[in-house]
Amino acid sequence: MSTTTTPTPRSGLAAVRGSRRVLADRRSRILVFIAMAALTLLAVLVSGQLLQGAAGAMDLSNVNQPPSSSDWFGTDRYGRDMVARTLVGLRFSLVVGTVAAASSSVIALVLAAIAVTGGRMAETVVNWLVDFFLALPHLVLLILLTFAMGGGTNAVIIAIAVTHWPTLTRVLQAKARTVMASEYVASSRALGTGWWQLVRHHLLPHLLPHFLVGTVLMFPHAILHEAALSFLGLGIDPSQPAIGILLSEAMGTLSNGQWWLALLPGLCLLVVVKLVDSIGENLRALLDPRSFHL
């Protein structure tokens, strides 16, 4: 004969407390990772700023040296330190990626707000723009826009900013539509609340977490596309040590066995991109309560 054990209130309370501890530990680990990753990126930015002079310093008695204890990433054909040039290039990529991703995210936020508050015509126009830009080959559009603007840093930033917003617009538009369908927004509209008040008091507080995560997740794409445009000669001045320019210059030296000129800067770029992407994924897990359900 079997007996059924009924959980006591005390055991249930202990289980709840245990779940809360696990949840708190997970949040703490995510916060620690985000902080460490952010400090690493900050170190790259500061190092790149401080080493700008060293990145251009030539030493013709120390040309084409492989990695060693004195030159960790080796030197190029002019004897320039590749560690300094790589850090300066990564700093440039981070700055361009930050400005371009933030600008593109602002475009997405504005269009999403217009689509859900401006009526059926506004929503149709925004949806058509999103579909149009998503249908175009991304890299080809970037190249055409950068070339049409004459190249250079500003052209790269503008080209990335005006081509990376469609996906985030879709996400923000879906979230905004849910907010606008709520009862308190309907009541606010019935009381005559204006467009800006609706956006400011109802939409923005709900969209800002998704806006922040979307910006961070857009960041790696912006960095890679900046490097691609620089590699093709459409980025900044070729005399500047951008990662794309370093890789482009290194292509002609691989056959001579100078592998470090391309491999090490390329690996550093991938590490930075992965680090930023991991920050975005962990930030999304931190801001999305559903990801912490046990």
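Those letters in the sequence shown? Residues 942 to 1235, per the numbering used here, in order.
Here a beta-carbon is modelled for each residue, glycine too, at the ideal position from N, C-alpha and C.
Since we're looking at a predicted model, the values are computed, not measured.
Excluding the 5 residues flanking it on each side, M999 has same chain C-beta neighbours closer than 7 Å at Y1019, G1020 and R1021, in chain order. Collapsing the DSSP output to three states places D1218 in a helix. Taking C-alpha positions only, L1132 is separated from Y1125 by approximately 11 Å.
Restricting attention to beta strand (DSSP E) runs no shorter than 3 residues, the segment 1111-1139 encloses none.
The three-state secondary structure of D1022, taken from DSSP, is strand. Distance from the Cα of I1084 is smallest, within the candidate group L1001, G994 and S1171, for S1171. When A1168, P1182, R1225 and S1011 are compared, the shortest CA-CA separation from L1158 is found for R1225.
With a contact defined as Cβ atoms closer than 8 Å, V1120 and L1082 miss out at about 31 Å. Listed in chain order, the non-local C-beta contacts of R968 below 7 Å within the same chain comprise L1227, local neighbours out to five positions each way being set aside. A Cβ-Cβ separation of about 14 Å leaves R1141 out of contact with V1057 under the 8 Å criterion. The DSSP assignment places complete alpha helix (DSSP H) segments of no fewer than 4 residues inside the segment 1160-1232 at 1184-1191 and 1201-1228, in order along the chain.
Counting other Cβ atoms within 10 Å of its Cβ, S1046 reaches 16 or more and is therefore classed as buried. Separation of the CB atoms of A1049 and R1026 is rounded to 34 Å, and the pair is thereby denied contact status at 8 Å. Bounds of any alpha helix (DSSP H) do not take in W1106, whose DSSP letter is neither H nor E.
The closest CA to that of T1087, considering only T1104, A1100, D1178 and Q990, is found on A1100. Around the beta-carbon of W1106, 16 or more other beta-carbon atoms lie within 10 Å, marking it buried. Approximately 17 Å separates the beta-carbon atoms of A1163 and A979; this is outside 8 Å, ruling out the contact. Taking D1218 as the centre and dropping the five residues before and after it, the same chain places the C-beta of P1161 closer than 6 Å to its C-beta, in chain order. Put simply, the backbone Cα of M1192 is about 12 Å away from that of P1206.
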